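Note that the protein sequences, when read in sequence, are chains D and S.
Residue numbers for the first sequence follow this note's numbering, beginning at 1 and rising by one.
Residue numbers for the second sequence follow this note's numbering, beginning at 491 and rising by one.
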Amino acid sequence: QNLKCVTHNLRKMICTWDVSSKGRHGQTDFCYTTNDLPPPVCFKTKEKRVEIPVPESSSMVTITTNSISGTAFATKEFEIHKEDIWFVPLTPRILSLTPDFSTSTLNLKWSDNGSVFPYGLGAFWQIQILRKAAMEKVTQVTYYSKLTHEDIILSWNWTSDMPLECTSHYVKIRCYINVTQFVGPKDWSDWSPVEEVPGKDTEPNGSGVFPQDTVVAVGSDVTICCVHEEGQQIKRMTYGPEIYPMIHLSSRSSAIRVLNASASNTSGTNVVCILSGDEMDGTVLFVGYAPDIPQNLSCETSNFLNIKCTWKPGRPSGLYGKRRTKYSLFERISGRNVSCEVNEMNRERVCGFPVLADQKTYDFILGVSNPIGQTESSLVVDLTQRVHPKTPEKLTVSGNSSTSVRLHWFINGSFAEIRLLCQIEIRSGHSERKLHNISMPGGKFSTYTAQLNALRPYTKYHFRVRCSAADHFWRWSDWSMVEEHTTLEA
Amino acid sequence: MAAADSSSAALRRRDLCSRGIRLAGKMRSDVIDLLDTYVERQGLDASASVAVVEGVPVAAVERWDEQTGTQRLLENLAAYRAFRALLAQMLEEQREQLGEADAALGRALAAVLLQVSAFAYHLEELLRLESRGLPSEEGAGPPPPSHLGLFERKLWGLGVLRELAQWAVRSARDLRQLTKPSPGSSLAPSPAESP
């Protein structure tokens, strides 16, 4: 009686039954026919369980129970309809459960055993995470995948809300396969055996406060635990200046939960675990911001030797030293990458990039990252349109006439690829100010010359000069030093 | 001539000792200020108890009265050489952890490091005066064990500064002891001089 047939792979089914009468029995004669086609297949078995093919429609089964001496004493016939056959997938096999303590993440890998099933079936995987010695359920997740008639290794990550060191974590998994064309009842597989990631509270020298010296974003909810020796008591746990209520995890581990963490000061927020016997252990939590998208990214050259990019960093990250926000400048066309040495305390940030031979256009990506996040800003520039020459130097004025002079000045840089526009400011004693513009071919670390006419004889003049790119104005250089000159008498 | 030489040496020694006492006093007040800044900037509890820190010379000494002058100077010198290395490590740690973010603490640390170096040099002067060979430098003291977490390193730094403050007090007492004409202040003759 109670004949029940279960298939795990839609092809074979395992039938089990009970025998009503007590006492010891001999072998059982088991016969079945498939889809009403004689002859029956018969065999003897000691078990009350056989594996036979799943019928197309139905199977006739005859079970004869024999006595110890081999004489038949009970025979029963059953008709198994397809609708009566249960479909229960095999228990999934966990291949690996790998902890990443730095990110408090568990990585679970298991085989989907898909080779057993036709292509394209949908499979649901229920994964349970348990915690603490009491194996309290933390979460249960359902993951969906498609079977491909091959054994595929599936992988799934789960990030814990507390450091994995704090206490032991356990994982188990079961599956349900959605065989729509299977008419019989379907059920979830059994749960897999539990896989464990032991916490530090199970290790002899596992004491400590976790996470150790980590960085989190402002606004995060953070669980910090104190793992101590057996028999020790935690008197209190403080986060910064405040004492926090403790959450018991195990006999050697308790935690506090900090909600909506605010930005820490430069040296981080101390989390201190005061233990019995005035022992103390602790960690430092750095609470900051992910980097802001750099604003006003601008790149220019002052000498066609190197390019200077500047930007505004946006909101400070609140992270310093080796956790500070780091910048790198990547140029897409050349593929070159430069890491930028940046002083966190300066409002404006600067990064240099070499001018490359035979490259006029630069496609920059300013990469920004810190332990909390990363972002980037991009800019494409034609260097000849971003010339901001250095200050003209060594301005000299010469002239042996009463109405004209010649000015000479030097600009540090290589401007052979462009024309320069220079502006000469002419001031004479009557606070009269004139500007004289002159354009000229750029040179390589050259001295430039300009002649000024129509000056007044025997008059003291003050000259200074500044330059820029002639064809695509970007920015004037700074003014040169002033040079004084008096024209000759008429 | 010998009498004149020895009285000028005594005068020179007294001058060095009294200047050393002033240096120690200034150093102590600066270390106390630095301690306050350090505790505040590192978010520590000023009353936090810190276990004896490995590699940090301990100021407390048994039978202090029985020490000879040379012993005092040699122990002081060894201590301040160790503190010079320890403070240099703290400065390096501070730069690594905070970069330019906490320049004030960095400057205060550097200032005390300078004073410790000056005081060590001062002690060497005193020992040279006694024509004693200077002990060789044993290289930088042990760095904070690398497995220490940041919080423990903060406590380690606190332990270093607290002990330095104690040493500054002891050094002033030692130098005062050297200026007194009593056995405790006598500098044991160096081997070269022994009869």
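Don't be surprised by glycine CBs; every beta carbon is placed ideally from N, CA and C.
Because the structure is a prediction, the values reported are computed rather than measured.
Close Cβ partners of Glu615/S (< 7 Å) along its chain, the five nearest in sequence each way excluded: Contacts found: Leu506.
Considering His81/D, what are the terminal residues of the beta strand (DSSP E) in which it resides? Run containing His81/D: 72-81, per the beta strand (DSSP E) assignment.
Any beta carbon of chain D sitting closer than 8 Å to that of Gly596/S? Not one chain D Cβ lies under 8 Å of Gly596/S.
Using CA atoms only, rank isn't needed, just tell me which of Asp555/S, Leu567/S, Glu582/S is closest to Gly623/S. With distances taken between Cα atoms, Gly623/S lies closest to Leu567/S.
I need the straight-line Cα distance from Glu300/D to Phe330/D, nearest angstrom please. Taking the straight line from one Cα to the other gives about 15 Å.
Chain-order list of residues whose beta-carbon lies under 6 Å from that of His169/D (same chain, five-residue window excluded): Counting only Cβ-Cβ distances below 6 Å, and skipping sequence neighbours, we find Arg131, Val197.
Determine which residues of the segment 314-329 of chain D have a Cβ less than 7 Å from any Cβ of chain S, and write them out in chain order. Contact annotation: in the segment 314-329 of chain D, residues whose CB is within less than 7 Å of a CB in chain S are Tyr320, Gly321, Lys322, Arg324.
Could you compute how far the alpha carbon of Leu665/S sits from the alpha carbon of Ala610/S? So the two alpha carbons sit approximately 13 Å from each other.
For Val271/D, three-class secondary structure by DSSP: Strand at Val271/D.
Applying the 10 Å Cβ sphere with the 16-neighbour rule, what's the burial state of Met481/D? By the 10 Å Cβ count, Met481/D comes out exposed.
Name the chain D residues whose beta carbon is nearer than 8 Å to that of Gly639/S? Going along chain D in sequence order, the residues near Gly639/S (Cβ under 8 Å) are Gly208, Val209, Gln212, Asp213, Gly282, Thr283, Val284.
Please report the Cβ distance between Leu395/D and Glu483/D, rounded to the nearest whole angstrom; I am assuming they are in contact, meaning their Cβ atoms lie under 8 Å. About 5 Å; that satisfies the 8 Å criterion.
Beta-carbon within less than 6 Å of Thr669/S's beta-carbon, same chain only, minus the 5 sequence neighbours each way: which residues are those? Answer for Thr669/S: Arg504, Cys507, listed in chain order.
From Asn265/D, Met280/D, Thr266/D, Thr223/D, pick the residue whose C-alpha is nearest to that of Glu229/D; which is it? It is Met280/D.
Quick one: grab the DSSP three-state call for Glu483/D. In the structure shown, Glu483/D falls within a strand segment according to DSSP collapsed to helix, strand and coil.
If you pair each beta-carbon of the segment 396-405 of chain D with each one of the segment 429-437 of chain D, do three or more pairs fall below 8 Å? As far as the Cβ criterion goes, the segment 396-405 of chain D does not touch the segment 429-437 of chain D, which means the pair count is below three.
In chain D, what lies closer than 7 Å to Glu586/S by C-beta? Under the 7 Å cutoff, chain D gives Gly321, Lys322.
Let me check one thing: in DSSP terms, what residues is Ala217/D bridge-paired to? Gly288/D.
Per DSSP, which one or two residues make a beta bridge with Phe330/D? Residue pairing by DSSP places Phe330/D opposite Asn337/D, Ile365/D in a beta bridge.
Along the segment 517-539 of chain S, where does the CB come closer than 9 Å to a CB of chain D? Name the residues. Those would be Arg531, Gln532, Gly533, Leu534, Asp535, Ala538, Ser539, in chain order.
Between which two residues does the beta strand (DSSP E) containing Asp100/D stretch? Unbroken beta strand (DSSP E) run through Asp100/D: 93-100.
Against chain D, with Cβ distances strictly below 8 Å, would Ala578/S count as a contact? So, not an interface residue.
Between Cys42/D and Met13/D, what straight-line distance do the alpha-carbon atoms span, to the nearest angstrom? If you draw a straight line from the Cα of Cys42/D to the Cα of Met13/D, it comes to about 16 Å.
With a threshold of 7 Å, establish whether the CB of Arg427/D neighbours any heavy atom of the ligand GTP. In terms of ligand content, the structure shown is empty, and the ligand GTP therefore cannot be addressed.
Could you check whether the Cβ of Met345/D sits closer than 8 Å to any Cβ belonging to chain S? It does; some Cβ of chain S falls within 8 Å.
Members of the segment 285-301 of chain D near chain S, C-beta cut-off 8 Å: From the segment 285-301 of chain D, no residue has a Cβ closer than 8 Å to chain S.
With C-beta atoms as the reference, is Ile80/D less than 8 Å away from Pro55/D? Yes. Within cutoff.
Leaving out the 5 sequence neighbours to the left and right, which residues in its chain are closer than 8 Å to Ser254/D when beta-carbon positions are compared? In chain order, Cys225, Cys226, Ile234, Met237, Met246, Ile247, His248 place their CB closer than 8 Å to the CB of Ser254/D, counting only its own chain and leaving out the 5 sequence neighbours on each side.
Terminal residues of the alpha helix (DSSP H) in which Trp125/D lies: For Trp125/D, no alpha helix (DSSP H) encloses it; the enclosing beta strand (DSSP E) starts and ends at 122-131.
Contact set for Ser264/D: own chain, Cβ-Cβ below 6 Å, skip 5 residues either direction: Same-chain partners within the cutoff: Phe286, Val287.
List the DSSP bridge partners of Gln423/D. Beta bridge pairing from DSSP links Gln423/D with Asn437/D, Arg466/D.
Which of helix, strand or coil does DSSP assign to Thr558/S? Looking at Thr558/S - three-state DSSP - the assignment turns out to be coil, as it is neither helix nor strand.
Answer yes or no: does any C-beta atom of chain D fall closer than 8 Å to that of Asp505/S? Residue contact with chain D for Asp505/S: absent (no Cβ-Cβ distance below 8 Å to any residue of chain D).
By the criterion of Cβ-Cβ separation under 7 Å, what are the contact partners of Gly240/D in chain S? Result: Gly533.
Report the partner residues of Leu452/D according to the DSSP bridge assignment. In the DSSP output, where bridge partners are listed per residue, Leu452/D has Val405/D.
Who does Ile511/S pair with in a DSSP beta bridge? BP columns for Ile511/S are empty, so no partner.
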